[in-house]
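Written below as structure tokens is the structure these notes are about.
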Amino acid sequence: MPIVINLDVMLAKRKMRSKELAEIIGITTANLSILKSGKAKAVRFSTLEAICKALECQPADILEYIEG
Amino acid sequence: MTKNRLLNIAVVICKTLKITYILAFIATTFIFIHIQTNNSQYADKILSFNSTTNKSTSVLPFHYTSTNKWKEGTSLKDEEVYTTTKITTFSLYIIYLKYVLILILIYFCANEFQSIVQTTKRYKPFLKNNVKSFRRIGKYLIIYYVLTSYSIIHYQEGGFSTLSLSLGPLILILISFIMAEIFKEGNALMEENELTV
Numbered sequence: 071m072p073i074v075i076n077l078d079v080m081l082a083k084r085k086m087r088s089k090e091l092a093e094i095i096g097i098t099t100a101n102l103s104i105l106k107s108g109k110a111k112a113v114r115f116s117t118l119e120a121i122c123k124a125l126e127c128q129p130a131d132i133l134e135y136i137e138g
Numbered sequence: 005m006t007k008n009r010l011l012n013i014a015v016v017i018c019k020t021l022k023i024t025y026i027l028a029f030i031a032t033t034f035i036f037i038h039i040q041t042n043n044s045q046y047a048d049k050i051l052s053f054n055s056t057t058n059k060s061t062s063v064l065p066f067h068y069t070s071t072n073k074w075k076e077g078t079s080l081k082d083e084e085v086y087t088t089t090k091i092t093t094f095s096l097y098i099i100y101l102k103y104v105l106i107l108i109l110i111y112f113c114a115n116e117f118q119s120i121v122q123t124t125k126r127y128k129p130f131l132k133n134n135v136k137s138f139r140r141i142g143k144y145l146i147i148y149y150v151l152t153s154y155s156i157i158h159y160q161e162g163g164f165s166t167l168s169l170s171l172g173p174l175i176l177i178l179i180s181f182i183m184a185e186i187f188k189e190g191n192a193l194m195e196e197n198e199l200t201v
């Protein structure tokens, strides 16, 4: 998929663990792993909002469109 | 009636059917062996057919029966030609194999349906395996339809053939393949839902 999730980069920037983020935004670590690995087919606005709030970033910092 | 109770009843029916078909298979095999070993006991068993060809006027169910004697013009009566003991060995084996195959096919259908019901009981009906199960049921029913619609028996001095086409199995075949497509769509939706974070 040409949409790339840069969640790892943002987590590293904020020095936060995946487990910690999962607990803050209220999703399972398994679901967060699906999102990080790019296997997810859709992201809810509520999830995106919670991630942006927890990581103090914009949606564009997490999602990127790469042609090809 | 709650969902689980209904599904439990369906599972019990499937299991009962499977046991019945196993018993029917054993009974068929026993009768097949018994006809060959104790041939004299079946000497008076006459299979009566209408010697005339009959044809129904409606399209389906369509039924066509034909009987013929090898030696035309002879004064052989139907009772002398169409007795169980006069069925040729080759024809007897074909009949046996046909009925065994029909029993096996219905057993497999019941087995596949049972697995579908059991996954539904676990609240996961839209699995890829269930799509495959419905397709398999459809294929088994096609073979069943072919096997049951045509029948031919060879006697030492005559023959009997029948072609019987009914609408029931055709509808079941259609329903099986439609259900497979519905479950395929359901599976796509389930996967999408599971991969939505």
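Chains as they are written, first to last, in my numbering: chain R, 71 to 138; chain D, 5 to 201.
Note that the Cβ used here is the ideal one computed from N, Cα and C, for glycine as well.
Among the options, nearest to residue i - alpha-carbon criterion
i	options	result
R/Cys127	R/Asn76, R/Pro72, R/Met71	R/Asn76
D/Leu107	D/Ser95, D/Phe138, D/Tyr144	D/Tyr144
R/Thr99	R/Leu81, R/Lys89, R/Ser107, R/Asp131	R/Lys89
D/Ser119	D/Ile110, D/Ser137, D/Leu105	D/Ser137
D/Thr93	D/Thr152, D/Lys19, D/Thr41, D/Gly190	D/Thr41
D/Glu196	R/Pro129, R/Ala130, R/Lys111, R/Leu125	R/Lys111
D/Ala192	D/Leu131, D/Leu10, D/Leu167, D/Val15	D/Leu131
Cβ of residue i within 8 Å of any chain D Cβ
i	result
R/Asn101	yes
R/Ala130	no
R/Lys89	no
R/Leu160	This structure cannot settle anything about residue 160 of chain R, because the visible part of chain R is limited to 71 through 138.
7 Å Cβ shell around residue i - same chain, five flanking residues per side excluded
i	result
D/Glu185	none
D/Leu199	none
D/Ser60	In this prediction, D/Ser60 scores a pLDDT of 49, lower than 50, which makes its location untrustworthy; no coordinate-derived value is stated.
Any C-beta of chain R under 8 Å from that of residue i
i	result
D/Leu199	yes
D/Glu196	yes
D/Lys59	Low confidence applies to D/Lys59: its pLDDT is 49, below 50, so where it sits in the model is not reliable, and the reading given next is rough at best. No, because no Cβ of chain R sits closer than 8 Å to the Cβ of D/Lys59.
Same chain, Cβ closer than 6 Å to residue i, neighbours up to 5 away in sequence not counted
i	result
D/Lys188	Val135
R/Ala120	Ile95
R/Gly108	Ile75
Boundaries (first-last residue) of the beta strand (DSSP E) holding residue i
i	result
D/Gly142	First-last for D/Gly142: 132-153, but that is the alpha helix (DSSP H), not the beta strand (DSSP E).
Same chain only: Cβ atoms within 8 Å of residue i, ignoring 5 sequence neighbours per side
i	result
D/Thr152	Ile106, Ser168, Pro173
D/Ile3	There is simply no residue 3 of chain D to check, as chain D begins at 5 and stops at 201 in what is shown.
R/Lys106	Ile75, Leu77, Asp78, Ser88
Start and end residues, alpha helix (DSSP H) containing residue i
i	result
R/Ile104	99-107
Check your understanding: Which residues, in order along the segment 72-83 of chain R, keep a beta-carbon less than 9 Å from a beta-carbon of chain D?
Key -> Answer set for the segment 72-83 of chain R: empty.
**Study point:** Contact set between the segment 97-125 of chain R and chain D, restricted to residues whose Cβ is under 7 Å from the partner
**Key:** Taking 7 Å as the Cβ-Cβ cut-off against chain D, the residues of the segment 97-125 of chain R that qualify are Ile97, Asn101, Ile104, Leu105, Lys109, Ala110, Lys111, Ala112, Val113, Arg114, Thr117.
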